[in-house]
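Note sheet for the following structure.
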């Protein structure tokens, strides 16, 4: 009985590490996929109108991603530049805008 218990414990240990590795790979692939979707979308839009900036709300509607996913993808990307539209009356930031840049992005 002890031998059987030891074998089951070893198998459970091996399965746990395999599941953890698989979950990690799925997490990073999903993250990369969101970043690539954002980059490809902004790159295609930049070809059509080079000076257009896109709000997080517009990207949420067009890409089907949450605001948090868009910000996370933009922070992970070297090609997505962020800019701020200021409120005319208060001077505070009213909206974050996104645009594709060919070189490394320099955030404002």
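Numbering (the working numbering), first residue to last: 16 to 123.
Virtual Cβ for every residue (Gly too), placed ideally from N, Cα, C.
Three-way DSSP call (helix, strand, coil) for residue 116 in this model:
coil
With 16 as the cutoff for other CB atoms within 10 Å, does residue 80 come out buried or exposed?
buried
What beta strand (DSSP E) runs, 3 residues minimum, are completely inside the stretch 18-104?
95-101
Using 8 Å as the Cβ pair cut-off and three pairs as the minimum, do the stretch 60-69 and the stretch 44-51 touch?
no
Where does residue 113 land, buried or exposed, given buried means 16+ other C-beta within 10 angstroms?
buried
Determine the contact status of residue 111 and residue 97, defining contact as a CB-CB distance below 8 Å.
yes
Quick check: the Cα distance between residue 99 and residue 108, rounded to an integer number of angstroms?
6 Å
Quick one: Cα of residue 75 to Cα of residue 82, how far?
6 Å
Using the DSSP secondary-structure output, state which residues sit across from residue 108 in a beta bridge.
101
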